[in-house]
Amino acid sequence: MTTPASLEEPAALPPTEHPAIAGSSSPPPVIGVLALQGAFAEHVRALARLGVISREVRLPADLDGLDGLIVPGGESTTIGKLLGRTGLLDAIRQQATADALPVWGTCAGLIVLATDIGDSGSRIGQPQPLLGLMDLRVRRNAFGSQLDSFETDLAAPAVADRPLPAVFIRAPVIEATGDGVEVLARLPDGRPVAARQGRFLATAFHPELTDDLAFHRYFVEVVAAEAAERRSA
Ligand code: GLN
Numbered sequence: 065m066t067t068p069a070s071l072e073e074p075a076a077l078p079p080t081e082h083p084a085i086a087g088s089s090s091p092p093p094v095i096g097v098l099a100l101q102g103a104f105a106e107h108v109r110a111l112a113r114l115g116v117i118s119r120e121v122r123l124p125a126d127l128d129g130l131d132g133l134i135v136p137g138g139e140s141t142t143i144g145k146l147l148g149r150t151g152l153l154d155a156i157r158q159q160a161t162a163d164a165l166p167v168w169g170t171c172a173g174l175i176v177l178a179t180d181i182g183d184s185g186s187r188i189g190q191p192q193p194l195l196g197l198m199d200l201r202v203r204r205n206a207f208g209s210q211l212d213s214f215e216t217d218l219a220a221p222a223v224a225d226r227p228l229p230a231v232f233i234r235a236p237v238i239e240a241t242g243d244g245v246e247v248l249a250r251l252p253d254g255r256p257v258a259a260r261q262g263r264f265l266a267t268a269f270h271p272e273l274t275d276d277l278a279f280h281r282y283f284v285e286v287v288a289a290e291a292a293e294r295r296s297a
C-alpha cells in the first residue's frame, strides 16, 4: 500500500537552509518545547520539518542556551501544576523577562501565557499557576459542547498571505488585550484567537496538528530576530 500524499512528510530542510537562518554566519537557533504534558511531540515534528533544532524541556536546566520556547496544548491546569513542581514556572518567567526568551503558547499554552483568565480558572479552589507573560484576558473552554472541537480557515495577514487552517480543541478565546498586543487572527465574529506582544506569541488553536508550517515559520523568524538583537547588543 502506498502512503497517501497528504500523509507524506516533506523532506526536512537542513538547519542552515531555513530562510530565517540562511546566509547568516550565526549558529542556527535551538527552540525548546515544554514536554510536561500535552501535544509537544507534534511541535517537535513541525520544527524538524522546518529544519530547526529543538529540545524537549522538562527541567529548568533544559532551558540553558535556548533561543525560544513553545508551550504546547494540553490541559492548562496540569501544565501549570507541573511547571510549579519542577521549578520551571519561575525559571521560564526569569528567562523570558531578564534574558528576552521568545515564547509561543498554543491553546493550553495560550492560557498559561496570559495574565488573566478571569473566573474560568481552576475550579478546585486554588488559582491555577500562570506564566503571565502576555497582557491578555482569556476565557478557557470558550466554545460550548457543539463547538468543542472544530476546524476552520483563518486570515492572519502578518503570518501568511493565504487563509491558514486552524484546529480548535476545547479552546480558549481572547476576551481583551492590553497595550502593545497585536491581534494576528480573529474568528468571523471578531473575537481574537491569535496575538503577539513583542517576542511572545499565542494561538488559541493548534497549528502543530495541521500540515501548515506558517505559524512555526513565523515564530522561528521572531526567534531569529531576537537572537540577532541579543548578539548585536
Ligand atoms: N481546555 C484546555 C484548558 O483549558 C485547553 C485545550 C487544549 O489545549 N487543546 O487547559
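Numbering (the numbering used here), first residue to last: 65 to 297.
Every residue gets a Cβ at the ideal spot worked out from N, C-alpha and C, and that includes glycine.
Query                                                                                                            : Result
Continuous alpha helix (DSSP H) assignments of at least 4 residues falling wholly in the stretch 237-285         : none
Distance, I175 Cα to R203 Cα                                                                                     : 8 Å
Close beta carbons around V223, own chain, < 7 Å, minus the five adjacent residues each side                     : L248, A278, F279 and Y282
Whether G96 touches D126 by CB criterion (8 Å)                                                                   : yes
When S140, F104 and P92 are compared against R234, the one with the closest alpha-carbon                         : S140
Residue from L133, R260, D212 and P229 with nearest C-alpha to D243                                              : R260
Proximity test, I233 beta-carbon vs the ligand GLN heavy atom, cut-off 7 Å                                       : yes
Neighbourhood of L71 by C-beta, 6 Å cutoff - its chain only, sequence neighbours within 5 removed                : Confidence in L71 is poor, its pLDDT being 42 and thus under 50, which makes the residue's placement unreliable; the coordinate value appears in the next sentence. Within the same chain, L71 has no close Cβ partners at all.
CA-to-CA distance, H270 to F232, given in whole angstroms                                                        : 7 Å
Inter-residue Cα distance where the pair is A240 and T179                                                        : 11 Å
Nearest candidate by alpha-carbon position, reference E215, set L228, Q101 and P191                              : L228
Per-residue burial, T170 [other beta carbons within 10 Å of its own, 16 or more giving buried]                   : buried
P191 burial status per 10 Å Cβ neighbour count (16 or more: buried)                                              : exposed
Residues bridged to V231 (per DSSP)                                                                              : E215
Span separating the alpha-carbon of A219 from that of L152                                                       : 34 Å
Other residues of its chain near V237: CB distance less than 8 Å, five sequence neighbours each side excluded    : V202, R203, A206, F207, L251, R255, P256, V257 and A268
Buried/exposed call for G183, threshold 16 Cβ in 10 Å                                                            : The question names Gly, yet the displayed sequence has Asp at residue 183. The residue in question, D183, is exposed, as its Cβ has fewer than 16 Cβ neighbours within 10 Å.
Residue range of the unbroken alpha helix (DSSP H) whose run includes I181                                       : Careful: I181 lies outside any alpha helix (DSSP H) and carries neither H nor E.
Proximity below 8 Å, CB of R299 to CB of L100                                                                    : Absent from the model: residue 299. The displayed extent of the chain is 65 to 297, so no value can be given.
In chain order, each alpha helix (DSSP H) run of at least 4 residues that lies wholly inside the stretch 101-187 : 104-113, 140-150, 152-162 and 172-177
Three-state class that DSSP yields for R201 in the structure shown                                               : strand
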